[in-house]
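> The structure under discussion is supplied below as C-alpha cells; questions concerning it will follow.
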Amino acid sequence: MDDVYQHAVFFECHSLQTEQTRKIETYFRNRRRSGGGECGSLTTVKENVYRIHFKHRQDQQRVLGRSKHELAEGSLVFTVRDSVDPETSYTTTTSISQEFPDSAQSPQPVPASTPPPSSEVYELQYDAFLPRYLHECPKALNKLQEELSTMFCSAQIYPEDERVLVRCLAQPDAADKCRNWKSEVDKIFNGYRCHYEVDPHKVQALLQPCSSHQTTDEVKVYSEGGMAVVVGERSQVDARLKDLEDSTIKREGSCLREKQTSVHWLGEAKLCLLWKEIKGKLGRDFPGVKVTQGEAGLLVLEGYVEEVLAALACVSEKENLVCERTIFDHSPHLLSFLRKAYGGCIVLGDILGLSDDVAIELQDTQLCFFTLSADKVDDTQKTLQRKFKEIKIDVPNCSTVPSELQEMLKSKTNEINQGQCKVQVVFSGFTVNLLGHSKEAEELSEIVTQFIWNQSNEQSTFQIDEYYNKNTQRLASLTLNNGNMVVASYSLGDGLQVLVCQGDITKQEADALVNAANEDLDHCGGVAAALSKAGGPEVQKESKALVRQTGKVPTGGVAVTTGGNLKCKKLLHAVGPVCGNFGGREMFLLEKAVKSALDLAEVMKFKSIAMPCISSGMFGVPVTLCAEAIVTAVKEFGSQGGRSLSTVILIDNRGEVVRAMSEACDRLLQGTSIGRSTSRDLEFLVGAAPPGTAQGATASGDGVCVEIVQGTIETQQVDAVVSPMVGDNPLSTRVGNTLLQSVGFQLIFNFRKEESEESMPGDVVLVEGLSGLPSSAVFFVNLIPYDDDPDGTAVQVLRLGINNMLTYCVDRGFRSVALPVLGTGIALSFPASVVATVLLEEVRAFQQSRANKTTLLVRITIHPDDTESSEVFQSVQEDFTKNVFQPDHGSTAKRIILLGKTGSGKSSLANTIFEEELFGTNHTPNSGTKVCQAETRLVNERNITLIDTPGLFDAGRSEEELKPEIVRCITECAPGPHAFLIVLKVEKFTEQEKAVIDKICDYFSEDALKYAVIVFTHGDQLPKSTTIEEFISHNKNLSDLVKKCGGRCHVFDNTYWKDNQHNIYRNNQYQVEELLNTIDKMMMENHGGYYSNTMLQLVEEKIKKEEEHIKQTSGNMQLEEIRKQAKATVSNRFLIEMTAIGTGVLLGAFLGLAGMAKLVIKCLGSGEVIKLMKSLNPAGRAVTAAVGGEVAVAAGVTVGVGALAIAAAGGVAGGVAGHKAAKGAESVQEAAEMAYKAVMEKANL
C-alpha cells in the first residue's frame, strides 16, 4: 500500500466477486455517495473482513460517520468501522437486498461511559438527497429542528457536501437526559426515507407535474440517472408510493387508447427499399396511424398505442423479408470515394442501374446489399465489382512514391474528373492506390506501369559479384543438410517451435547442445562420450576443472562448458537421475534438469537448443518416462512469454526413442506433426503434357507422383509453377522473363509485396493473385550459380530450395506444381544431370519424410527444344524406378533376417540378442536350422523381430529342402526387412568360406546391401587385443564384402563373452547395443525405412487381403493370430505357384536381382507354373530345358540361350496351360502333377 493512503476503514462482508470489489472501490471514491474521496484498492484482511485506505483523514471520518453504506444498485449494504475487530468500534451488519432499501439501519454504538462534553458535534451522512430535501423544504427542516431541540440539539445542513451536522448543547446537569443523544438523533433521522424507483412507467409518472394529492412539499421527487428519487418523511413517502402503485394498475387498462409517437430505425437503404410498400400497407390496414420518414433511415409512427404497436409488428414482418449481405473486402479508401462521389444509396443505385427491389448502404468499413429477391444479391455484387475497381501498385526501389509520378497521376486525375468524380488516387509510402470506375482506374494503372518500366531500364543490371560480396557471410551461416531427419514439428505459444529429430546430436547445429552427463562430468560413455569426442579434449578438460572448483553437479542440475569443435556456442551438461537411486523421483528430477537447461539457455539469450533423451541410456530410466518428463518440461517452458529461445530440438539416433518422444509431443503438446510418411514411394509418369490438362491436376492415389513432360512452363495448368532466380531478382533467369511476358508487371509488383525482406539462398517467395497464367501462383526459388562441385554449396542451396517449395505446397494445400529444369540456363549454369539427380532425390526424400497422405503431383516440365535434359531425366528416372526403399507399413517391430551357411551360429546369435533360448541349437555333426523361425521380443527398449533361416548359402542343400523355407522367409519379413545380418565365423579363411562370400555377392543387389550388416561369431578366436576390423583387413574378399555393406560389422561369441566384465569389447551385452545402434543409424541413412521390392510388396498385398478375409470369417480372433494364419496361407499358395521356378531364381528375386524379380512377378501375376521334372521322359526334360533357358535370360546369363530358343517359346506357352490346370491344387505335389499333365497334353506328348 502506498504511504499516502494511511487512514483505514474496515467492514465485513461475505466473499466478494471481482466485479463487486470494483464497484465498492468506485463507491468509496465518490464523495457525494459515500462521503469518501481519494482512496486505495480494497484488500482482504481476513476471512470476510475487508479494508480500504483513504488519503485524507476527513474523508475517513465522513465514511465512519455514516452508520450504514449501500451501493446505488441496492444489492449490497454494509456498516463500517475504524478497526479490524468490532469490539472497539461500531457493530457491523451486512445484508444483501434485491431492491433499494427503504432506509439505513441504525447502528448500535457502544454507550459512552460519561456524558458527552458541551457542544459536542455529531456528523451524519445519510443518502445525498436527504440534505438537499431539508435545504429545499423549510417546513420539513423546521419540524426537524423542533424535534432536535427537545434533546438540546440543533442541526446544520450542508447540501453541497451532502452531510448534516448535529450539535449537542446539553449542560452537565442534563447529562442523564442526553446520555444516549446520538442514538436518539439516529432515530429521528430514520424517520426519513429516500426511495429509488427504476420502473420506467413509474419514473415517468413520478416526474410529471404534481397531481392533486401532492399539494405540499412534504415529499420531493428528483431525477437521477434514469431513476426517480422520492425523499421525505417515511410515512409520506410510503403513502406516495402506494398511490403510485394504485394509479399504475388503473392506467394499464386505459393507456392503450392514449396517443403515442414511436420511432423505428430501419436504415437508409432498407427504408428506401421498403418505403412504398410500408406506406401503402399501413395506410390500408391502419388509417389512424400517421407514417413519415425521419432522418438517417428512421420510420416515425404516430397514433393510438394499440394501433402503433400493431403497425410496428407489420413493419417487422416486412423487414424480415429483406435479404442482406455484408461485404468486408472493400477498403475504406474505396468506400470513402463512393460516399464522396454518390452520397446516398439512391444515387449509387441509379449509377449501377439497379432495380427498385435492390438497395446499397455505404458504411465506414463495409458495404451492405439489401434486396427482396435473394438471387439478385450475387448479380448486384458482380455489377459493383465490374463497375468499380481498386488497384494497389508498389513502386520498387523507393521509400515513397516519386514526386514526378505523383504529379503525372494528379494531372491525369483532374482531367478525368471534369464534370463527374470518376477516379481517385491515394499515396501511402511507396504504394499507389487507384480507385474508382474500372476503366479510369486501369488508365491510371498504365501510367504507373510505364513509369516503373522506364525507371527499371535506367537502372544498372544485376551484378553477380556484388551479390556474392553481399551474401558471403550469410552463405557461411546457412544451415545445410547435416544428415539428421526431422520426424515431427510442433508449434507452441509465442512462436516456440519443437522439433523431434532422428540423427546424430554431435552433428546438430544449435546455439546450445545438451549433454546427458553424470555428476562428476566424466564423459566416459553414451551420448556424453560421443559429444566429448566430437568436441575435442578441451570439453573434458574444462569439465574436470569445473568439478574441482565447484564440486559435483547435483542431480537435476546443469553445468556449462565450451562446445569445442561442436556446432554450438555452449555445451550444457544436464545431470539426469539414475534409475532406482531416487525412490520414484526420477521423473521430477529429470524435469528439473531439462527446465534448468532451458532456463540457462534463456538467460544466455540463445535462440536454439538441442537435447537428447536424457537418462534413457546407461542410466536405465524407461524411455517412455524420459520422453514424458522432457516434453512436460518443454511444455511448461513454452507457456512462459517473452522468450528469446525459439527452437527446441529433441534428437536421438534410436528409432524407438524418437518414436516415444514424438508420441509424448502428440499427447502433451497437441501439435501438428510433420514427420515420416507411411505412404508408398514415388510414382513416375513420363510423357508430354496434354494441352487440355485441367486446372489443378493432381497425383492419383496417395503420396507424391512425379510426372516428366515436354512443354512450356507458362502453359502448365497446375496450382503453382516454379521459377529459379539469382539472389532476389525474379527477372534474372529466362523462366522469370518468360513469366513476365505472360503476366506483365503485376508479377514484379506482387513479388515485391510478398518479399517482406531480402530473401536468403534457398528461400522461396510465393506470389499469388496473378492473371495471364493457367496456374494461380508462382514460386520464386533463390539459388546461386553452380560452383563445379556436385556436393558443394550451390547444390545444397538447390536442395534446400526444392524442399522449401514442396513444404510450402503442402502447407498451402496445393495439389500440383510444375517445375522447369531448375538452373540449367546461363544465369545459374547447373549441369542437367546434377539437376535431375538432385530434383528426384529431394522429391523422394520429401515423400518419405512427410506424415500426411495428401496427394501432390510434381510435374517436371522440359522445354521441347531441350533434348539433352530429356535424355538425362529419362536415364535418372529409370534408376529411380528400380527396387527402392519403402517406408514401413507394418508394425513398429524391426524385422531382422539372419542369413548364413549352416553352423555359422545364426540361432545362437539370435538367442544372445534376445538373452533367451528361443531358437533351437544343435552341436552334433548334423546340426543346422532346418526351418525358418520368427520371434519378437523387446531388446534395450527396441521392439525386434528376428527371422532365423536355414543355411541358404550351403552348396549341398537341395531345392526341395530350401524352397519352402525361402518362401516362408519372404512371407515372414513382408513387406521387407529392416536389416539383413550376414553371419560368418571368425575362422581360417578357406575355399569353402570364399565360395559362400561369392554366393552372397552374386545374390545380393546393391540396394539390398544398403540394409546389410556383417556379424561374426566365435569372437573368442580373435587374437587378444585384435578387433574384428583388423581381422577383416587381412582378407581382400572379406574387406570387399564389408565395404559393400557400408563398413558395418560386429563380432560376438555366443559361449565365452556372456559375462565378460573386464573387457567391454569382448562383452555380448555391449556388442548387442552397438549392433542395434548400427541398425538404427543404417535405418536413418535409409530415411527410416526398410528394404523392399516389387515381389515383397506383392506378397504383403496378398497377406493383407488374406487378413481381411480371415477377419470377416473368424469372429474375435487376435490380430497376431490373424497375421500368423494369413502368412501361412499365403506362404503355401506362393510355394504352389512357384513350383516351376528354380531355387536360385527365387532366392535372387528375394535379394533384389531385377531380372529374377521380374520373372517371379511374371509367374505370380500371370501364372506361369511349370514343374522342372528332370526325372521324367525326354520330352519333359526338353520343356524343362526350355524354361531353364528363359530363366537364364531373365538372370542376365547368356549360356544356352541360342540352342534352346525354339524350345523356350513352346515351353513358356505350355506353362500357361499347366498353370490353369493346377489352379485348384492344394499341395505342391498335386500342382506339379496337374501342371505336368496339362503341359504334356498341350505338347501332344
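UniProt numbering applies: residue 1 is where the sequence shown begins, and numbers increase by one. All residues carry an ideal CB built from backbone N, CA and C; glycine is no exception. On a predicted model such as this, the values are computed, not experimentally measured, just so you know.
#1: Could you spell out where the beta strand (DSSP E) holding Phe814 opens and where it closes?
#2: Can you check DSSP and say which residues form a bridge with Trp265?
#3: Who are the near neighbours of Val735 in its chain, counting only those whose CB is closer than 7 Å to its CB and skipping five residues on each side?
#4: Can you tell me whether Lys894 is buried or exposed, with buried defined as 16 or more other CB within 10 angstroms of its CB?
#5: Exposed or buried, Cys809, counting other C-beta atoms within 10 Å across all chains shown (16 or more means buried)?
#6: Give me the Cα-Cα distance between Ile1000 and Thr990, rounded to the nearest whole angstrom.
#7: Just to confirm my understanding: we take Ala974, look at its own chain, exclude 5 residues before and 5 after, and list those with CB closer than 7 Å. What are they?
#8: Straight-line CA distance for Cys1045 to Thr1078?
#9: Look at Lys55 and Glu38 and say whether their C-beta atoms are less than 7 Å apart.
#10: Using the three-state DSSP reduction, which class does residue 1247 fall into: helix, strand or coil?
#11: Could you round the C-beta distance between residue 1250 and Val423 to whole angstroms and report it? I think they count as a contact, below 8 Å.
#12: Which residues share a DSSP beta bridge with Phe427?
#13: Name the residue from Asp246, Gln236, His201 whose alpha carbon lies nearest to the alpha carbon of Ala228.
#14: Answer yes or no: do Leu783 and Leu840 have a C-beta to C-beta separation smaller than 7 Å?
#15: Counting C-beta neighbours from all protein chains within 10 Å, is the total for His284 16 or more, i.e. buried, or is it exposed?
#16: Per DSSP, which residues does Cys153 bridge with? Please list them.
#17: With distances taken from CA atoms, which of Ser732, Pro622, Ile860 is nearest Gln716?
#18: Buried or exposed: which applies to Phe11, given that a residue is buried once 16 or more other Cβ atoms fall within 10 Å of its Cβ?
#19: Per DSSP, Val764 forms a beta bridge with which residues?
#20: Where Met760 and Met611 are concerned, what is the direct C-alpha to C-alpha distance, given to the nearest angstrom?
#21: Under the rule that 16 or more other beta-carbon atoms within 10 Å means buried, what is Val1072, buried or exposed?
#22: May I ask you to list the residues that DSSP assigns as paired with Ser223?
#23: Is the segment 514 to 527 close to the segment 570 to 590, with three or more CB pairs under 8 Å?
#24: Might you give, ordered along the chain, the residues of its own chain that have their beta carbon closer than 7 Å to the beta carbon of Glu233, omitting 5 neighbours on each side?
#25: With 16 other CB atoms within 10 Å as the buried threshold, where does Glu407 fall?
#26: Quick check on the burial criterion: 16 or more other C-beta atoms within 10 angstroms. Buried or exposed for Leu1119?
#27: Using DSSP with H/G/I as helix, E/B as strand and the rest coil, what is Gln406?
#28: Suppose you measure from the CA of Gly823 to the CA of Leu1135; what does that come to, to the nearest Å?
#29: Give a yes or no on whether the C-beta atoms belonging to Val1013 and Leu981 are separated by under 7 Å.
#30: Alpha carbon to alpha carbon, what distance is there between Tyr126 and Arg66?
#31: Pick helix, strand or coil for Lys607, following the three-state DSSP scheme.
#32: Is there contact here, the segment 486 to 498 with the segment 548 to 564, by at least three beta-carbon pairs under 8 Å?
#33: How many angstroms separate the CA atom of Lys994 from the CA atom of Glu935?
#34: Return the CA-CA distance between Ser616 and Glu1030, expressed in angstroms with no decimal places.
#35: For Cys524, count neighbouring Cβ atoms within 10 angstroms of its own Cβ and tell me buried if that reaches 16, exposed if not.
#36: Given this structure, state the Cα-to-Cα distance separating Ser532 from Asn940, to the nearest angstrom.
Result, derived from the coordinates:
#1: Per DSSP, Phe814 belongs to no beta strand (DSSP E) and is neither H nor E.
#2: Leu298
#3: Ile713, Ser723, Pro724, Pro820
#4: buried
#5: buried
#6: 16 Å
#7: Leu1096, Val1099, Glu1100, Ile1103
#8: 12 Å
#9: yes
#10: Shown here, the chain extends from 1 to 1245; a query on residue 1247 therefore has no answer.
#11: Because the chain here runs from 1 to 1245, residue 1250 falls outside it and cannot be looked at.
#12: Val432
#13: His201
#14: no
#15: The amino acid occupying residue 284 in the given sequence is Arg; His does not appear at that position. Its Cβ having fewer than 16 others within 10 Å, Arg284 is exposed.
#16: Cys168
#17: Ile860
#18: buried
#19: Val781
#20: 28 Å
#21: buried
#22: Ala228
#23: yes
#24: Gly191, Tyr192, Glu218
#25: exposed
#26: exposed
#27: helix
#28: 52 Å
#29: yes
#30: 6 Å
#31: coil
#32: no
#33: 31 Å
#34: 32 Å
#35: exposed
#36: 24 Å
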